[in-house]
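Student: Going down the list, the protein sequences come from chains B and V. Using our numbering, the letters of the first sequence map in sequence onto residues 1 to 418. Using our numbering, the letters of the second sequence map in sequence onto residues 419 to 836. Provided herewith is a single structure, encoded as structure tokens, for subsequent inquiry.
Protein chains: 2
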Amino acid sequence: MALIVQKFGGTSVGSVERIRNVARRVAKWKAAGHDLVVVPSAMAGETDRLIALARQIQALPDPRELDVVAATGEQVTIGLLAMALMDLGVKARSYTGWQVKIVSDSAHNKARIVSIDQQRIRADIHAGRVVVVAGFQGVDGHDNLTTLGRGGSDTSAVALAAALKADECHIYTDVDGVYTTDPRLVPEARRLRHVTFEEMIEMAGAGSKVLQIRAVEFAGKYRVPTRVLSSLTDPALPVEEEARSGTLITFEEDPHMAMEKAVISGVAFNRDEAKITVHDVPDRPGVAYAILGPIADSNIDVDVIVQNIGHDGMTDLSFTVHRTDYAKAMKLLKSQVQPHIKCRDVTGDDRIAKVSIVGMGMRSHAGIAAQMFRTLAEEGINIQMISTSEIKITVVIEEKYTELAVRVLHKAFELDQE
Amino acid sequence: MALIVQKFGGTSVGSVERIRNVARRVAKWKAAGHDLVVVPSAMAGETDRLIALARQIQALPDPRELDVVAATGEQVTIGLLAMALMDLGVKARSYTGWQVKIVSDSAHNKARIVSIDQQRIRADIHAGRVVVVAGFQGVDGHDNLTTLGRGGSDTSAVALAAALKADECHIYTDVDGVYTTDPRLVPEARRLRHVTFEEMIEMAGAGSKVLQIRAVEFAGKYRVPTRVLSSLTDPALPVEEEARSGTLITFEEDPHMAMEKAVISGVAFNRDEAKITVHDVPDRPGVAYAILGPIADSNIDVDVIVQNIGHDGMTDLSFTVHRTDYAKAMKLLKSQVQPHIKCRDVTGDDRIAKVSIVGMGMRSHAGIAAQMFRTLAEEGINIQMISTSEIKITVVIEEKYTELAVRVLHKAFELDQE
Numbered sequence: 001m002a003l004i005v006q007k008f009g010g011t012s013v014g015s016v017e018r019i020r021n022v023a024r025r026v027a028k029w030k031a032a033g034h035d036l037v038v039v040p041s042a043m044a045g046e047t048d049r050l051i052a053l054a055r056q057i058q059a060l061p062d063p064r065e066l067d068v069v070a071a072t073g074e075q076v077t078i079g080l081l082a083m084a085l086m087d088l089g090v091k092a093r094s095y096t097g098w099q100v101k102i103v104s105d106s107a108h109n110k111a112r113i114v115s116i117d118q119q120r121i122r123a124d125i126h127a128g129r130v131v132v133v134a135g136f137q138g139v140d141g142h143d144n145l146t147t148l149g150r151g152g153s154d155t156s157a158v159a160l161a162a163a164l165k166a167d168e169c170h171i172y173t174d175v176d177g178v179y180t181t182d183p184r185l186v187p188e189a190r191r192l193r194h195v196t197f198e199e200m201i202e203m204a205g206a207g208s209k210v211l212q213i214r215a216v217e218f219a220g221k222y223r224v225p226t227r228v229l230s231s232l233t234d235p236a237l238p239v240e241e242e243a244r245s246g247t248l249i250t251f252e253e254d255p256h257m258a259m260e261k262a263v264i265s266g267v268a269f270n271r272d273e274a275k276i277t278v279h280d281v282p283d284r285p286g287v288a289y290a291i292l293g294p295i296a297d298s299n300i301d302v303d304v305i306v307q308n309i310g311h312d313g314m315t316d317l318s319f320t321v322h323r324t325d326y327a328k329a330m331k332l333l334k335s336q337v338q339p340h341i342k343c344r345d346v347t348g349d350d351r352i353a354k355v356s357i358v359g360m361g362m363r364s365h366a367g368i369a370a371q372m373f374r375t376l377a378e379e380g381i382n383i384q385m386i387s388t389s390e391i392k393i394t395v396v397i398e399e400k401y402t403e404l405a406v407r408v409l410h411k412a413f414e415l416d417q418e
Numbered sequence: 419m420a421l422i423v424q425k426f427g428g429t430s431v432g433s434v435e436r437i438r439n440v441a442r443r444v445a446k447w448k449a450a451g452h453d454l455v456v457v458p459s460a461m462a463g464e465t466d467r468l469i470a471l472a473r474q475i476q477a478l479p480d481p482r483e484l485d486v487v488a489a490t491g492e493q494v495t496i497g498l499l500a501m502a503l504m505d506l507g508v509k510a511r512s513y514t515g516w517q518v519k520i521v522s523d524s525a526h527n528k529a530r531i532v533s534i535d536q537q538r539i540r541a542d543i544h545a546g547r548v549v550v551v552a553g554f555q556g557v558d559g560h561d562n563l564t565t566l567g568r569g570g571s572d573t574s575a576v577a578l579a580a581a582l583k584a585d586e587c588h589i590y591t592d593v594d595g596v597y598t599t600d601p602r603l604v605p606e607a608r609r610l611r612h613v614t615f616e617e618m619i620e621m622a623g624a625g626s627k628v629l630q631i632r633a634v635e636f637a638g639k640y641r642v643p644t645r646v647l648s649s650l651t652d653p654a655l656p657v658e659e660e661a662r663s664g665t666l667i668t669f670e671e672d673p674h675m676a677m678e679k680a681v682i683s684g685v686a687f688n689r690d691e692a693k694i695t696v697h698d699v700p701d702r703p704g705v706a707y708a709i710l711g712p713i714a715d716s717n718i719d720v721d722v723i724v725q726n727i728g729h730d731g732m733t734d735l736s737f738t739v740h741r742t743d744y745a746k747a748m749k750l751l752k753s754q755v756q757p758h759i760k761c762r763d764v765t766g767d768d769r770i771a772k773v774s775i776v777g778m779g780m781r782s783h784a785g786i787a788a789q790m791f792r793t794l795a796e797e798g799i800n801i802q803m804i805s806t807s808e809i810k811i812t813v814v815i816e817e818k819y820t821e822l823a824v825r826v827l828h829k830a831f832e833l834d835q836e
């Protein structure tokens, strides 16, 4: 008998029938003798609908009020899922983030979880209930509603698993595990049975979209055994079989497993970002901070940052932000940063894509970067920015080349072969 | 400079453009130097959509979880309205029921307000903000979300006005005041410039749909000057002019006003109820309680109750409940009450309508009931139940005769004439 936190994404709860299927799946685990805490996302499309409504009212929605609106999506799902469980004769109770309570900081739209009160959840588990908790949301120290940003339900689930010291965290999604790349783009993509925590961080960060990066960080920090599973399999699949499917995120590289491993584990990509370049800034200490400090203060996450060597005492600084932050970042830079640091210009481009190759094996193999760049050059794809880490190489390219780049890299690194 | 609570119904906030219009109207009152607390309903159709979703999941939705789902409608509107106000340069902040907090009892789906904490609202008013509070919802003593039942936003607004000792409570709706009857049914219907609190209670109770009865009771109990206004007039109408429009609910009958008053003020009707008859119950003390006690314990409101004189030691008891409670009430009576009191049968009909004539003048005029019954008889409309009060006569008839009955009564009592 284990305590399991199960998270279901927006597609998995996208209709009444799908919510019933989730309830059947949860009821099966409950019947097998396990304690369950279930974290559903908003019904597919609902968060987008709510944010679109807000943007029609205010071009740049007030962050506090946007959270008030956006948090309703998950609140609807927890109520419906609790009802669906009761309809199957399973005792259940729902909680919003503030009811739990899941305390976050006050960074609206992208808040971070500070603490989770276990009292109510423990009492309900003790009373034999399945506890349904709203993902994506929290409450700050002044009772303001907050949301954790896109994919935040993953973080909610893993954070709950960590706080409750759950035996496993199951992330049910519309794919059946972590793939070498997106199978919708590359039909030859293969499912990985294991992936290391480090690889997963790099792949999530590069936009593999299976699991939110903050969720993986939480899982790593608190060593929460986390499994990515499909919500599209038969809900009546025996629990033993279901427990072996999907992709398990591992924390240490098993030497035997490493032997089998390819150099590269996957190709990730992301079309959700925009590139910003600050031109001709004085090449002296403190300039990067003068540019990125105000950006950080506005709670805009910066991803890839590139600065070339200067010329004539001047240099250019480029970086990427999420597309939803693009307008805000550009406005901030033009109105506050440009007059202050006296750069020549601030330009941007929101038609870019980020493509990365990821792999633990990269550390012990030379020439991987060269092979990546040659593969792209052979297709005439220009590389606009390059950024590297121990186990990842990322390039920024024109958005229209995304599919082509992913396909040729997947083939070049033989990811289609077992 | 006054403190005004303004409530806007679902139609008034039914679209982005209408929410902007509400914001313009509120901004106008703010600019005229007033302090504003604004209570919006859910966008038109939204509460119905949410309840329909819940019913698809569970035929009789769990009351606690239904409130979790239903409360999101107003939460979306408060966020959007606060944004719309900020977009006009008006400082604003939204609060859900639990954030205020508006404490209610635990009677889910039809909770009653117990207390309202003024602290946060006062602080925001002091800071020059318009405070936007979610109607229809509260929180019980154990942090469970509750809703106040249909039309509950009216009650929220008047209760807030009472708690804050507001100078006026404005109920904006899609009609421009209280009419002698529904103008959609009877084109000759006239707007009443004043209506007494007592008449309003009877008309709201009989389903005139302008203002929820509990709201009127609150207004009466705490003497909150309440004005029913149209949200469809030009938002730029000068505040002085707007303040004179609509219908003001008065508390004492002004002798001069009484002189002018007709015998009957209005014809009200309601098609939201169902009739239940318990046949052949023993005609002895305690039987009415044995039947209606369990109904009340299940938080089902009973409206008209009729019991005829008995025959052979037996009698029939009939009463009406809201149609949404019909299935629940029938089930309860058949499974719990019938075996206990050993009545012959329990039958019901949800295709009925309730039609009432209301008027303070009725007290000093004889023959009003006779005139009402004759008017209906002349049209061949059978009366199924009759119930009377000091200033109201109510009949239950077949639903299909509703429009006809209202029209002929409106004409018979000369309500079309000033």
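In this text, a Cβ means the ideal position worked out from N, Cα and C, and glycines have one as well.
1) For R611/V, which three-state DSSP category applies?
2) Do V267/B and V39/B come within 7 Å of each other at the CB atom, strictly closer than that value?
3) State whether the segment 740-747 of chain V contacts the segment 790-801 of chain V, with contact taken as three or more CB pairs (one from each stretch) at a distance under 8 Å.
4) So if I threshold CB-CB distances at 9 Å, which residues from the segment 46-66 of chain B count as touching chain V?
5) Is it buried or exposed for M419/V, if we count other Cβ within 10 angstroms and need 16 for buried?
6) Below 8 Å on C-beta distance, what does Q75/B contact in chain V?
7) Under 8 Å Cβ-Cβ, which residues of chain V neighbour V22/B?
8) Compute the distance between the beta-carbons of V26/B and A166/B, then report whether it is under 7 Å.
9) Helix, strand or coil for Q517/V? Go by DSSP, reduced to three states.
10) Using a Cβ-Cβ cut-off of less than 8 Å, list which residues of the segment 166-190 of chain B approach chain V; keep chain order.
11) Exposed or buried, K693/V, counting other C-beta atoms within 10 Å across all chains shown (16 or more means buried)?
12) Could one say the Cβ of S94/B lies closer than 7 Å to chain V's Cβ atoms, at least one of them?
13) By Cβ distance below 6 Å, which residues in the same chain neighbour D349/B in space, the five residues on each side in sequence not counted?
14) To test your reading of the DSSP string, which unbroken alpha helix (DSSP H) runs of 4 or more residues are found completely within the segment 699-781 of chain V?
15) Between the segment 269-299 of chain B and chain V, which residues of the former have a C-beta closer than 7 Å to a C-beta of the latter?
16) Compare the C-beta of D523/V with all C-beta atoms of chain B and state if any pair is closer than 7 Å.
17) Once DSSP output is grouped into helix, strand and coil, what is the label at T651/V?
18) If the criterion is Cβ atoms closer than 7 Å, does the pair S522/V and V532/V meet it?
19) Mind pulling the chain V residues with CB within less than 9 Å of D140/B?
20) Assign G497/V to one of two classes, buried (16 or more other C-beta atoms within 10 Å of its C-beta) or exposed (fewer than that).
21) Should V396/B be flagged as near chain V, meaning a C-beta pair shorter than 7 Å?
22) Measuring only between beta-carbons, confirm whether M423/B sits less than 7 Å from chain V.
23) Within this structure, are the beta carbons of A32/B and L88/B separated by less than 7 Å?
24) How is the alpha helix (DSSP H) around L484/V delimited, first residue to last?
25) Against G367/B, what residues of chain V qualify as contacts under a CB-to-CB distance less than 7 Å, listed in chain order?
26) Should P61/B be labelled buried (16 or more other beta-carbon atoms within 10 Å of its own) or exposed?
27) Let's see if you can read the secondary structure: which residues bound the beta strand (DSSP E) around G266/B?
28) I'd like to know if V16/B contacts chain C, where contact means its C-beta is closer than 7 Å to some C-beta of that chain.
29) For A82/B, decide whether its Cβ has a neighbour in chain V, counting only Cβ atoms nearer than 7 Å.
30) Taking only the alpha-carbon atoms, compute the straight-line gap between T226/B and V593/V and give it to the nearest angstrom.
31) CA-CA distance, I437/V and Q474/V?
32) Should S574/V be labelled buried (16 or more other beta-carbon atoms within 10 Å of its own) or exposed?
33) Is I422/V close to chain B, meaning its C-beta is less than 7 Å from at least one C-beta of that chain?
34) From this set, E464/V, A470/V, A529/V, which residue's C-alpha is nearest L50/B's C-alpha?
35) Of the residues E797/V, K810/V, I775/V, which one's Cα is nearest the Cα of F831/V?
36) Who pairs with H588/V in a beta bridge, going by DSSP?
Tutor: Let me lay it out:
1) Locating residue 611/V in the second sequence gives position 193, counting from the first residue. R611/V: coil per DSSP, three-state reduction.
2) Locating residue 39/B in the first sequence gives position 39, counting from the first residue. Locating residue 267/B in the first sequence gives position 267, counting from the first residue. Contact flag unset, no.
3) With the rule of 3 Cβ pairs closer than 8 Å, the segment 740-747 of chain V does not count as touching the segment 790-801 of chain V.
4) Among the residues of the segment 46-66 of chain B, those with a Cβ less than 9 Å away from any Cβ of chain V are L50, L53, A54, Q56, I57, Q58, A59, P61, D62, R64, E65, L66, in the order of the chain.
5) Position 1 of the second sequence holds residue 419/V. Taking all protein chains in view, the Cβ of M419/V is surrounded by fewer than 16 other Cβ atoms within 10 Å, so the residue is classified as exposed.
6) One-based indexing of the first sequence puts residue 75/B at position 75. Within 8 Å Cβ-Cβ: V486, V487, A489, T490, Q493.
7) As a working mapping, residue 22/B is identified with position 22 in the first sequence. Ordered by position in chain V, no residue passes the 8 Å Cβ test against V22/B, which lies about 11 Å from the chain.
8) Start at 1 with the first residue of the first sequence, and residue 26/B comes out as number 26. Start at 1 with the first residue of the first sequence, and residue 166/B comes out as number 166. In this structure, V26/B keeps its C-beta atom at 7 Å or more from the C-beta atom of A166/B.
9) Reading the second sequence from its first residue, position 99 is the one you call residue 517/V. Of the three classes helix, strand and coil, the one that applies to Q517/V here is helix, per DSSP.
10) Result list empty, no residue passes.
11) Position 275 of the second sequence holds residue 693/V. Buried, because 16 or more other Cβ atoms sit within 10 Å of the Cβ of K693/V.
12) In the first sequence, residue 94/B corresponds to position 94, counting from 1. Any Cβ of chain V closer than 7 Å to the Cβ of S94/B would place that residue at the interface, and such an atom is present.
13) Mapped onto the first sequence, residue 349/B falls at position 349. Around D349/B: K275.
14) Counting only runs of 4 or more, we get 705-715, 744-750, 756-759.
15) Under the 7 Å Cβ criterion, the segment 269-299 of chain B contributes no residue.
16) In the second sequence, the residue the question calls residue 523/V occupies position 105. No - not a single Cβ of chain B is within 7 Å of the one on D523/V.
17) Position 233 of the second sequence holds residue 651/V. T651/V falls in the coil class under three-state DSSP.
18) Counting from one through the second sequence, the residue named residue 522/V turns up at place 104. Counting from one through the second sequence, the residue named residue 532/V turns up at place 114. Yes, the Cβ-Cβ distance between S522/V and V532/V is below 7 Å.
19) The residue given as residue 140/B occupies position 140 in the first sequence. Within 9 Å Cβ-Cβ: nothing; D140/B doesn't reach chain V, min ~12 Å.
20) Counting from one through the second sequence, the residue named residue 497/V turns up at place 79. In this structure G497/V is buried. Its beta-carbon is surrounded by 16 or more other beta-carbon atoms within 10 angstroms.
21) The sequence position of residue 396/B within the first sequence is 396, counting from 1. With 7 Å as the cut-off, V396/B does not count as an interface residue toward chain V.
22) Residue 423/B is absent from the model: chain B starts at 1 and stops at 418.
23) Here residue 32/B corresponds to residue number 32 of the first sequence, with the count starting at 1. Here residue 88/B corresponds to residue number 88 of the first sequence, with the count starting at 1. Judged by their CB atoms, A32/B and L88/B are not nearer to each other than the 7 Å cut-off.
24) Here the question's residue 484/V lines up with position 66 in the second sequence. 481-488 is the extent of the alpha helix (DSSP H) around L484/V.
25) Taking the first sequence and counting its residues from 1, one reaches residue 367/B at position 367. Those within 7 Å of G367/B in chain V number zero; the least Cβ separation is about 53 Å.
26) Locating residue 61/B in the first sequence gives position 61, where the first residue counts as 1. P61/B comes out buried.
27) In the first sequence, counting from the first residue as 1, residue 266/B sits at position 266. Taken as a continuous stretch (DSSP letters only), the beta strand (DSSP E) holding G266/B covers 266-270.
28) Among the protein chains in the structure shown, which are B and V, there is no chain C.
29) Here residue 82/B refers to the residue found at position 82 when the first sequence is read from its first residue. Using a CB distance cut-off of 7 Å, A82/B counts as an interface residue toward chain V.
30) For this step, residue 226/B is matched to residue 226 along the first sequence. For this step, residue 593/V is matched to residue 175 along the second sequence. T226/B and V593/V have their C-alpha atoms some 56 Å from each other.
31) Translated into positions along the second sequence, residue 437/V becomes position 19. Translated into positions along the second sequence, residue 474/V becomes position 56. Cα to Cα, the separation comes out at about 30 Å.
32) For the purposes of this step, residue 574/V is taken as the residue at position 156 of the second sequence. Burial check for S574/V: the Cβ neighbour count within 10 Å reaches 16 or more, so the residue is buried.
33) To locate residue 422/V, count along the second sequence from 1; it is residue 4. Chain B contact via Cβ: absent.
34) Here residue 50/B refers to the residue found at position 50 when the first sequence is read from its first residue. For L50/B, the closest alpha carbon among the candidates E464/V, A470/V, A529/V is that of E464/V.
35) Looking up residue 831/V in the second sequence gives position 413. Residue I775/V is the option with its Cα nearest to F831/V.
36) Working through the second sequence from its first residue, we reach residue 588/V at position 170. Partner(s): Q424/V, R645/V.
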